[in-house]
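Asks: Protein chains in written order, with this note's numbering: chain A, 7 to 211; chain B, 5 to 368.
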Amino acid sequence: MKKQVIKILVGLMLVTGAAGCAKPPTEEMNASQASIQAVTSEGANVYAKDELAGLQKEMAAAQDEIKVQEGKLFKNFDKAKEMIAKAKAGAEGLKPVVATRKEEAKQNAIAGLAAAQAAVTEAKDLLANAPKGKGTSADIEAMGADLNGLSESLPGVQSMIDSADYFGAADKAGVISQKAGEVSAQVKAAMEKMAASKKTSKKKK
Amino acid sequence: MRHLTFAVLLSLLWLFVASCSNTPIPSELSLVASQEEMLRRDGASIYAPEEFISICKEHRDIKDRLFKEQARFAWFRNYELAQIEYRYLADRGQLLLQYVKDERARRNNSVTSSLASHEKKSAALLTLACSINEGRVARRSLTRAELLIDEARVLLEKEKHKSALLLLNDAEYYLKSAERSLRVVAGRYTDRSQISHWQHLVEAARRESRGSHAPSILVSKLDRKLIVFRNGVETHTYRVGVGRNGLKDKLRSGDQATPEGRYRVVKKVPGSHFFRALLINYPNEEDLRAFSLAKKKGIVSKRAGIGSLLEIHGGGKDGVTDGCVALDNRDMAEIFEMANVGTPVTIVGSMSYDNIVSAAFGKL
């Protein structure tokens, strides 16, 4: 009987010792954090803000779980490991999403720049073909100055694309396109007005 | 012996149960956690980064202490301190939430008001630039300023206040540049002594026509008006166009400016290239003196000529000329009939201080 009690006690001590000596998943934690860091530096903080916040929340919860387990007599880090693994998988899964969104934003900015360039060119062509005369030369000069201002702003869009500020570039390009469109509309309106006045003067004759 | 074994097992069971029992943790923990989430979402890291970091750190520290407390033997667990700390942190969080809300609104207002001020300036300068032939000199800068203002508006919608303000600063540079260009051209039109001089010329023209049925012609360049006086009374008013650099006082040949001063019609040209024309005696003695002085001062080159053949002619009021005063042909026909050789022609910059230039610069 005495031997039995000793066996039980030793067994319990071994179990307790084994459970108490369970190590926190530091390596897994570091690896997971590295994955999150990597996806952040790839642009998750810009292109997947909500998803990144979710991952960070998961990591914080895993850390809490580790701390809770560290304080226990019978430590069990399985749940923490599971949470860390989930966060790591989430970070890995987010990489292609970030890459796709970044590429979309880039293509959108490039398309925006092309549209802005086309809008400025169209306005310049319209202006170049506008009938020049005493009545229009001042307006043509003024609109030409407007278009020069727009042309000078185009390299700024390219610089933003080069520095990967795709959203900013798209915004800037959009504003330039809109202004160029306004100038084109002014030129067209002036041309229509001139054409109308020519018709009227012909009728008068 | 059995009793001993039973006692040991019972003790172990009690130990196990006691260590595993869950004393409820303070409810404030979840409140603080959700508060932190709200702060993050509301942009506390932007509007109050230091306080936000401090609160997050404090939260972690309290949580660590809570976990340590949680790890203690059930009978000795005491969450009172943690609860107090959490309550204190929740109060701090609440204050920060309010501050973030206020700061966000403050920055929003600040950018909105700066945007409005820039828009007002830009609109005033554009109105002026569109009203005068020389407006082209400012249009390039104005366009760049307008683009930046529009971009800032987009950023304001996205609540990127800092970036929006930076763009508005850049816009300010272009607005100032546009303003400088316009002041060089039109600054005289806000100068009270200059305007007073022009007003004397206007009065002289009016006086000259008194007691005479002969017309006296007055041209106000900024107002783009040609007025005919008879007997000191304004009888006709017409719209006119002036030189490409018409707001300037003509100084030399080719400057495309429209001269200012008192002249007379020296020739009537019925078959002008521009419908009909009245040639005036530019340069008069005053113009010759000013030209000679400008040459001496090196303002104009030694080889420059003073220019000639300044006319009031037809061809259309909407055009820009090389310095002449242009009217629509129908109006020119009327004036041609009224004027004779010797008819006085007075050309001034503006008749009043309350003009578009003063109004535009007054809004800046």
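Even for Gly, the Cβ is constructed at its ideal location relative to N, Cα and C.
Give the residues from the segment 71-100 of chain A that approach chain B closer than 7 Å (Cβ to any Cβ), ordered along the chain.
Replies: Lys73, Val74, Gly77, Lys78 and Leu79
Asks: Closer than 7 Å, Cβ to Cβ, to anything on chain B: give me those residues from the segment 126-155 of chain A, in chain order.
Replies: Lys140, Gly141, Ser143, Ala144, Glu147, Ala148, Ala151, Asp152, Asn154 and Gly155
Asks: Step through the CB atoms of chain B and report whether any lies within less than 8 Å of the CB of A/Ser183.
Replies: no
Asks: Measure from the C-beta of A/Asp177 to each C-beta in chain B and report whether the shortest distance is under 8 Å.
Replies: yes
Asks: Please report whether the beta-carbon of A/Glu198 lies at a distance below 8 Å from any beta-carbon of chain B.
Replies: Proximity of A/Glu198 to chain B, defined by a Cβ-Cβ separation below 8 Å, is not satisfied.
Asks: By DSSP's criteria, B/Leu169 is part of a beta bridge. Which residues make up the other side?
Replies: Paired residue(s): none; B/Leu169 is not in a bridge.
Asks: Could you list the residues in the segment 71-91 of chain B with a C-beta less than 7 Å from some C-beta on chain A, going in chain order?
Replies: Phe71, Lys72, Gln74 and Ala75
Asks: Rounded to a whole number of angstroms, what is the C-alpha to C-alpha distance between A/Pro31 and A/Ala86?
Replies: 8 Å
Asks: Please say whether A/Ile167 and A/Ala175 have beta carbons closer to each other than 8 Å?
Replies: Annotated as proximal: A/Ala175 and A/Ile167, with beta-carbon spacing under 8 Å.
Asks: How is B/Ala279 classed by DSSP in three states: helix, strand or coil?
Replies: Per the sequence presented here, residue 279 of chain B reads as Phe, with Ala not at that position. B/Phe279: strand per DSSP, three-state reduction.
Asks: Do B/Leu331 and B/Leu230 come within 8 Å of each other at the CB atom, strictly closer than that value?
Replies: yes
Asks: Within its chain, find whatever has a CB closer than 8 Å to the CB of B/Ser1; leave out the 5 residues flanking it on each side and keep chain order.
Replies: Residue 1 of chain B lies beyond the stretch modelled for chain B, which goes from 5 to 368, so this question has no answer here.
Asks: Taking 8 Å as the CB-CB cut-off, is A/Ser190 touching chain B?
Replies: no
Asks: For chain A, find out if any of its Cβ atoms is closer than 8 Å to the Cβ of B/Asn173; answer yes or no.
Replies: no
Asks: What are the start and end residues of each continuous alpha helix (DSSP H) run of 4 or more residues lying completely inside the segment 185-240 of chain B, in chain order?
Replies: 196-213
Asks: Can you check DSSP and say which residues form a bridge with B/Pro348?
Replies: B/Arg268
Asks: What separation, rounded to the nearest whole angstrom, lies between the Cα atoms of B/Leu313 and B/Arg144?
Replies: 33 Å
Asks: What residue does the beta strand (DSSP E) around B/Ile2 start on, and which one ends it?
Replies: The shown model of chain B, from 5 to 368, leaves out residue 2 of chain B, and the question about it has no answer.
Asks: Assuming contact is defined by CB atoms lying nearer than 8 Å, are B/His317 and B/Phe279 in contact in what I supplied?
Replies: yes
Asks: Which residues in chain B have a C-beta closer than 7 Å to the C-beta of A/Ser159? List them in chain order.
Replies: Ordered by position in chain B, the residues that pass the 7 Å Cβ test against A/Ser159 are Arg148 and Leu151.
Asks: For A/Thr106, count the other beta carbons within 10 Å of its own beta carbon; 16 or more makes it buried, fewer makes it exposed. Which is it?
Replies: exposed
Asks: Closer than 8 Å, CB to CB, is B/Lys61 near chain A or not?
Replies: no
Asks: Cα separation between B/Leu171 and A/Leu133?
Replies: 29 Å
Asks: Determine the DSSP secondary structure at A/Ser207, reduced to helix, strand or coil.
Replies: Note that A/Ser207 has pLDDT 45, beneath the 50 cutoff, so the model's placement of it is unreliable and the number below is only indicative. A/Ser207 falls in the helix class under three-state DSSP.
Asks: Taking B/Lys67 as the query, report the chain A residues whose CB atoms sit under 7 Å from its CB, ordered along the chain.
Replies: Asp70
Asks: Within 10 angstroms of its Cβ, does A/Ile90 collect 16 or more other Cβ (buried), or is it exposed?
Replies: buried
Asks: DSSP state of B/Ala363, grouped into three classes?
Replies: helix
Asks: Excluding five sequence neighbours on each side, which residues of the same chain lie with their C-beta closer than 6 Å to the C-beta of A/Lys211?
Replies: Note on A/Lys211: pLDDT 31, under 50, position unreliable in the model; the coordinate value appears next. No residues qualify anywhere along the chain.
Asks: What in chain A is Cβ-close to B/Asp259, meaning under 8 Å?
Replies: The premise fails here: B/Asp259 is roughly 16 Å from chain A at the closest Cβ pair, so nothing lies under 8 Å.
Asks: Which complete alpha helix (DSSP H) runs does the segment 104-172 of chain A hold, if anything under 4 residues is left out?
Replies: 143-168
Asks: Roughly how many angstroms separate the alpha carbons of A/Ser157 and B/Asn112, rounded to a whole number?
Replies: 31 Å
Asks: Could you check the C-alpha separation between B/Val349 and B/Asn137 for me, to the nearest Å?
Replies: Computed Cα separation, rounded: 22 Å.
Asks: Between the C-alpha atoms of A/Gly187 and B/Asn359, what's the straight-line distance to the nearest angstrom?
Replies: Looking at the two C-alpha atoms, the distance is approximately 32 Å.
Asks: Using DSSP bridges, identify the partner residues of B/Tyr92.
Replies: Bridge partners of B/Tyr92: none, in fact.
Asks: Could you check how far apart the C-beta atoms of A/Gly96 and A/Leu61 are, in whole angstroms? I think they sit under 8 Å.
Replies: With a contact defined as Cβ atoms closer than 8 Å, A/Gly96 and A/Leu61 qualify at about 5 Å.
Asks: Identify whether A/Tyr53 lies in helix, strand or coil by the three-state DSSP scheme.
Replies: helix
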